[in-house]
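A.B. asks:
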Amino acid sequence: MPFRKMHGLGNDFVIFDARSCEFSMSNCKAKSLCHRKRGIGCDQLIILRQSKTADVFMEIWNADGTRVGACGNATRCIGHLIIEEKGQRRCTIETDADILKAEKANGLIKVTMGKAKILAQDVPLAKEMNTLSVDLDLYGLPAAVCTSMGNPHVTFFMDSIPDDHFLEKMGPKIETHSLFPEYVNVAFAFLQADGSLRLRVWERGAGVTEACGTAACAAGVAAYRRQITSRRSVIELDGGRLEIEYQSDGTVMMTGPIAYSFNGEVMIND
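Quick note on numbering: the sequence shown equals residues 207 to 476 in our numbering.
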């Protein structure tokens with residue numbers, strides 16, 4: 207089966223085009239393909255399928271074999287592919303969570319990521335809480351902000367940016383905390399002197415990644431709600447910068463780069 211490898215700021219994907227063939231995926235197959243020593247290796251596995259309501263349907267699998275509803279960096283990559291394929295400036299992408307829009311923007315890809323959800327039941331949280339101040343009572347961490355971007359996020363605003371040891375210690379504990387019935391993507395944000403937010407991410411089902419587009423969107427929303435930034439923010443991740451706009455109607459726009467890595471073929475056993 208042919209595949210394409212792409213990444214958005216180092217957040218990397220293996221992409222299969224199944225629009226004209228029968229191609230099924232499972233937890234075990236996804237884990238095997240994503241494995242960096244025994245498979246192709248990636249943070250997320252993407253399968254393109256036919257859509258009745260958009261230009262393409264994007265199926266997303268995390269490295270741990272779980273299927274998820276959103277991935278911002280993958281949306282930019284797939285947006286670029288479909289825009290190039292159709293020879294136009296815009297396209298629509300259906301996911302398990304929403305229908306998203308992508309367009310060319312001065313050499314970058316701009317994606318309409320849908321509306322952020324900020325109610326506890328929508329994140330979701332296990333109990334009703336004010337999502338602007340969620341105290342997990344873990345190791346002295348500050349109260350966090352919880353947001354859904356089609357997938358659950360928790361954002362902590364820190365006095366300094368955490369190192370890898372901190373991420374690898376705290377990430378799994380927060381990801382699987384009982385407050386999050388669907389587990390959660392974990393981000394730590396630090397306001398820099400230039401007004402941008404430095405962000406480090408522990409992705410649900412993937413671990414430490416160089417970038418997470420939906421985490422950047424959630425951080426932009428959280429920073430505005432905390433009155434740390436305006437509705438427009440620049441998020442600096444390990445892999446580079448994304449521009450986030452949180453519009454007054456709740457819609458979130460994300461703008462950033464994409465990159466090709468390589469093409470290949472792989473034998474997939476049922």
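Using N, Cα and C, we set each Cβ at its ideal position, and we do this for glycine too.
Check each candidate in Pro208, Val317, Asn233 and name the one with the smallest Cα separation from aspartate 223.
C.D. replies: Pro208
A.B. asks: Let me know the secondary structure DSSP gives proline 378 once reduced to three states.
C.D. replies: helix
A.B. asks: Measuring straight from C-alpha to C-alpha, what distance separates phenylalanine 477 and alanine 393?
C.D. replies: The question about residue 477 has no answer here: the residues shown for the chain are numbered 207 through 476.
A.B. asks: What separation, rounded to the nearest whole angstrom, lies between the Cα atoms of threonine 337 and alanine 303?
C.D. replies: 20 Å
A.B. asks: Buried or exposed: aspartate 455, going by 16 or more other Cβ atoms within 10 Å of its Cβ?
C.D. replies: Flag for aspartate 455 reads exposed.
A.B. asks: Out of curiosity, what's the CA-to-CA distance linking alanine 421 and alanine 395?
C.D. replies: As the crow flies, the alpha-carbon of alanine 421 is around 10 Å from that of alanine 395.
A.B. asks: Check whether the stretch 434-444 touches the stretch 305-321, taking contact to mean three or more Cβ pairs, one atom from each stretch, closer than 8 Å.
C.D. replies: no
A.B. asks: Whole angstroms are fine: how far does the CA of isoleucine 266 sit from the CA of threonine 382?
C.D. replies: So the alpha carbons of these two residues sit roughly 20 Å apart.
A.B. asks: Suppose contacts are defined by Cβ-Cβ distances below 8 Å. Is methionine 319 in contact with valine 458 by that definition?
C.D. replies: yes
A.B. asks: Here's the rule I'm using: 16 or more other beta-carbon atoms within 10 Å means buried, otherwise exposed. How should glutamate 334 be labelled?
C.D. replies: exposed
A.B. asks: Tell me, which residues are paired with phenylalanine 209 by DSSP?
C.D. replies: Gly470.
A.B. asks: Please classify histidine 241 as buried or exposed, where buried requires at least 16 other C-beta atoms within 10 Å of its C-beta.
C.D. replies: exposed
A.B. asks: Are the stretch 413-429 and the stretch 353-369 touching by the rule of at least three beta carbon pairs closer than 8 Å?
C.D. replies: yes
A.B. asks: State the start and end residues of the unbroken alpha helix (DSSP H) segment that holds glutamate 409.
C.D. replies: That residue, glutamate 409, is in no alpha helix (DSSP H); its beta strand (DSSP E) goes 403-409.
A.B. asks: Unbroken beta strand (DSSP E) runs of length 3 or more, entirely within the stretch 244-276: which are they?
C.D. replies: 250-255, 262-268
A.B. asks: Can you check whether the CB of proline 358 is closer than 8 Å to the CB of asparagine 312?
C.D. replies: no
A.B. asks: The beta strand (DSSP E) spanning threonine 361 covers which residue range?
C.D. replies: 358-363
A.B. asks: Please list the terminal residues of the continuous alpha helix (DSSP H) segment that includes lysine 292.
C.D. replies: 278-292
A.B. asks: Tell me, please, which residues DSSP counts as bridged to leucine 448.
C.D. replies: Ile441
A.B. asks: For histidine 213, count neighbouring Cβ atoms within 10 angstroms of its own Cβ and tell me buried if that reaches 16, exposed if not.
C.D. replies: It counts as buried.
A.B. asks: How big is the Cα-Cα spacing for leucine 287 and tyrosine 345?
C.D. replies: 43 Å
A.B. asks: CB-CB under 6 Å to leucine 331, same chain, minus the five flanking residues each way: which ones, in chain order?
C.D. replies: Leu385
A.B. asks: Can you tell me whether threonine 281 is buried or exposed, with buried defined as 16 or more other CB within 10 angstroms of its CB?
C.D. replies: Buried, since its Cβ has 16 or more Cβ neighbours within 10 Å.
A.B. asks: In angstroms, rounded to a whole number, what distance separates the CA positions of glutamine 250 and asparagine 469?
C.D. replies: 16 Å
A.B. asks: So is aspartate 261 buried or exposed if we call it buried at 16+ other beta carbons inside 10 Å?
C.D. replies: buried
A.B. asks: Shortest alpha-carbon distance to glycine 278 belongs to which of Met355, Leu397, Tyr389?
C.D. replies: Met355
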